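A.B. asks: Going by this note's numbering, the first residue of the sequence shown is number 1250, and it counts up by one from there.
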Amino acid sequence: MPTFAATRLGQFAEGVLTAMGLIDDEARLVAGCLVEANLRGVDSHGLLRLLQYADAVERREVNPRPVVRVERVQPSAALVDAGGGYGFRPAQIAMDLAVELATTSGAGLVGVRNSHHFGMTAIYAERAPAAGQIGIVTTNTGPVMAPAGVTAPLVGNNPLAIAVPRRPPAPPLVLDMALSGTAFGRIRLAAAEGRPIPPGWAHDRQGRPTVDSTEALAASLLAPMGGHKGYVLSVMLEILTGVLTGSRFGLDAHAHSHLEGGVGHLLIAVRPDLFVARERFLESVEELVAQLRAAPTAQEAQVLLPGEVEQRTREQRTAAGVPVSDELAERLDGLAARLGFAGRLLAQRN
1250 MPTFAATRLG QFAEGVLTAM GLIDDEARLV AGCLVEANLR GVDSHGLLRL
1300 LQYADAVERR EVNPRPVVRV ERVQPSAALV DAGGGYGFRP AQIAMDLAVE
1350 LATTSGAGLV GVRNSHHFGM TAIYAERAPA AGQIGIVTTN TGPVMAPAGV
1400 TAPLVGNNPL AIAVPRRPPA PPLVLDMALS GTAFGRIRLA AAEGRPIPPG
1450 WAHDRQGRPT VDSTEALAAS LLAPMGGHKG YVLSVMLEIL TGVLTGSRFG
1500 LDAHAHSHLE GGVGHLLIAV RPDLFVARER FLESVEELVA QLRAAPTAQE
1550 AQVLLPGEVE QRTREQRTAA GVPVSDELAE RLDGLAARLG FAGRLLAQRN
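Rendered as structure tokens:
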């Protein structure tokens, strides 16, 4: 599979996003988030998303130039209105505000309403550890998941990210997961590349397990992570994101349509010294990490920390380049041509 330097992917993505109508700063921010996902191996949330974003903007279901407003600021909580645009800038603003509120109040809780897809959830949670705080981020999505026996999607696979600071120079511990067996974007990527999907990821339109990525994409029926537990946890996150923020929820939610906004986000920052001294907190986290690392393993198995796979992948891809299939690169080049952007990916491979 051909590889591309991250800087070249970023320039291409920024050019395409600008051609969609995003202002320069916004295009640069979104492009950076997409490329960061590719660098970490989360390709389902990388440049693949340009195809989906362009379709939504062309259908005038997402505002490419929204007015983002901060509303209802209280000592430990606030609300951000995303103005019907994508959620990258609003989520960044919200987490920075949550950190600011936590600095004075101990914890900050910021909701975002009238928003759309915001890429990889961990990017926003990690802004809290950069300030020495714990970050928690969740969002609802369009309905793509249902419990066993149901043949139509009921709720989103509502991702959750938690980022915990460690004593420098150690990177934070980072959880980022959707509540389905896999992220829907991975099925989208497999369909774009003409690949089957592993068993247990999704069901077809009759509610039967399928490995056909195209059929899974059409059905939008992911299998919940952990069966019933994943389903009920997603219902609760639907309430904390869509319902609590005054956004769309359940069957009416959609991460890529509704000009006034289709989903909501919830971003939380917690100062570690709210309950124990900061140094004790950091020392305890390192003690827990040491316990995990010291666990007995079978053969050459290794205990990995939350976020460590993505960290290693980022190092590898920064050095060797980001793999992008010819099929996806051709589709992205076609999108660029349609939008009138002169850049081409296939001409920039390593």
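Yeah, the Cβ is synthetic: ideal placement off N, Cα and C, and Gly gets one too. Bear in mind that the values here come from a model prediction, so they are computed numbers and not experimental data.
Measuring alpha carbon to alpha carbon, tell me which residue in Gly1360, Pro1447, Leu1299 is nearest glycine 1583.
C.D. replies: Ranking Gly1360, Pro1447, Leu1299 by Cα distance to glycine 1583 puts Leu1299 first.
A.B. asks: Straight-line CA distance for leucine 1588 to leucine 1438?
C.D. replies: Distance between the alpha carbons of leucine 1588 and leucine 1438: 21 Å.
A.B. asks: Here's a check: name, in chain order, each residue in its chain whose Cβ is nearer than 7 Å to the Cβ of serine 1377, leaving out the five neighbours to either side.
C.D. replies: One point to set straight first is that residue 1377 is alanine, not serine, in the sequence displayed. Hits under 7 Å: Met1344, Val1348, Ile1383, Gly1384, Ala1412, Ala1518.
A.B. asks: Any contact of the segment 1324-1340 with the segment 1354-1363, i.e. 3+ C-beta pairs under 8 Å?
C.D. replies: Yes, since at least three Cβ pairs between the segment 1324-1340 and the segment 1354-1363 fall closer than 8 Å, the two stretches touch.
A.B. asks: Return the CA-CA distance between valine 1279 and arginine 1308, expressed in angstroms with no decimal places.
C.D. replies: Answer to the nearest angstrom: the Cα atoms are 19 Å apart.
A.B. asks: Determine, using beta carbons only, whether alanine 1262 and valine 1284 come nearer to each other than 8 Å.
C.D. replies: Result yes, Cβ atoms of alanine 1262 and valine 1284 sit closer than 8 Å.
A.B. asks: So the candidates are His1477, Gly1381, Gln1565, Tyr1480; which of them puts its Cα closest to the Cα of proline 1521?
C.D. replies: Here the closest residue by C-alpha is Gly1381.
A.B. asks: Checking 8 Å against the spacing of the C-beta atoms, do asparagine 1389 and phenylalanine 1498 come in under that value?
C.D. replies: Against a cut-off of 8 Å, the Cβ pair of phenylalanine 1498 and asparagine 1389 comes out as a contact.
A.B. asks: Is the beta carbon of proline 1392 sitting closer than 8 Å to the one on leucine 1409?
C.D. replies: No.
A.B. asks: Can you list, in chain order, the residues of its chain with a C-beta nearer than 7 Å to that of phenylalanine 1337? Leave out the 5 residues immediately preceding and following it.
C.D. replies: These residues qualify, in order along the chain: Leu1278, Val1279, Cys1282, Phe1367, Gly1368.
A.B. asks: Given a threshold of 16 other Cβ atoms within 10 Å of its Cβ, counted over all protein chains shown, does glycine 1295 qualify as buried or as exposed?
C.D. replies: Buried is the call here.
A.B. asks: Within 10 angstroms of its Cβ, does asparagine 1599 collect 16 or more other Cβ (buried), or is it exposed?
C.D. replies: Asparagine 1599 is exposed by the Cβ-count criterion.
A.B. asks: Any idea if proline 1458 is buried or exposed, counting beta-carbon neighbours within 10 angstroms, 16 or more meaning buried?
C.D. replies: Proline 1458 is exposed by the Cβ-count criterion.
A.B. asks: Can the beta-carbon of leucine 1516 be found less than 8 Å from the beta-carbon of valine 1386?
C.D. replies: Closer than 8 Å, so yes.
A.B. asks: Going by other Cβ atoms of all chains shown within 10 Å of its Cβ, with 16 needed for buried, is arginine 1566 buried or exposed?
C.D. replies: Result: buried.
A.B. asks: Using DSSP with H/G/I as helix, E/B as strand and the rest coil, what is histidine 1452?
C.D. replies: In the structure shown, histidine 1452 sits in a strand (DSSP, three-state: E or B).
A.B. asks: Heavy atom of the ligand HEM less than 7 Å from the Cβ of alanine 1380, yes or no?
C.D. replies: Absent from the structure shown: the ligand HEM. Ligands present: none.
A.B. asks: I'd like the ranges of any alpha helix (DSSP H) spanning at least 4 consecutive residues and lying wholly in the segment 1278-1353.
C.D. replies: Here the runs fully enclosed are 1298-1307.
A.B. asks: Our contact map puts tyrosine 1373 next to alanine 1340 with C-beta atoms below 8 Å; I'd like the distance itself, whole angstroms only.
C.D. replies: The Cβ separation is near 5 Å, so the contact holds.
A.B. asks: Identify every residue that forms a DSSP beta bridge with aspartate 1425.
C.D. replies: For aspartate 1425, which the question treats as bridged, DSSP gives the partners Ala1410.
A.B. asks: Grab me the residues of serine 1462's own chain with a C-beta within less than 7 Å of its C-beta, minus the 5 sequence neighbours each way, in chain order.
C.D. replies: Cβ within range, chain order: Ile1436, Ala1439, Ala1440, Arg1444, Pro1445, Ile1446.
A.B. asks: Would arginine 1314 and glycine 1270 be called neighbours here (beta carbons separated by less than 8 Å)?
C.D. replies: Yes. Within cutoff.
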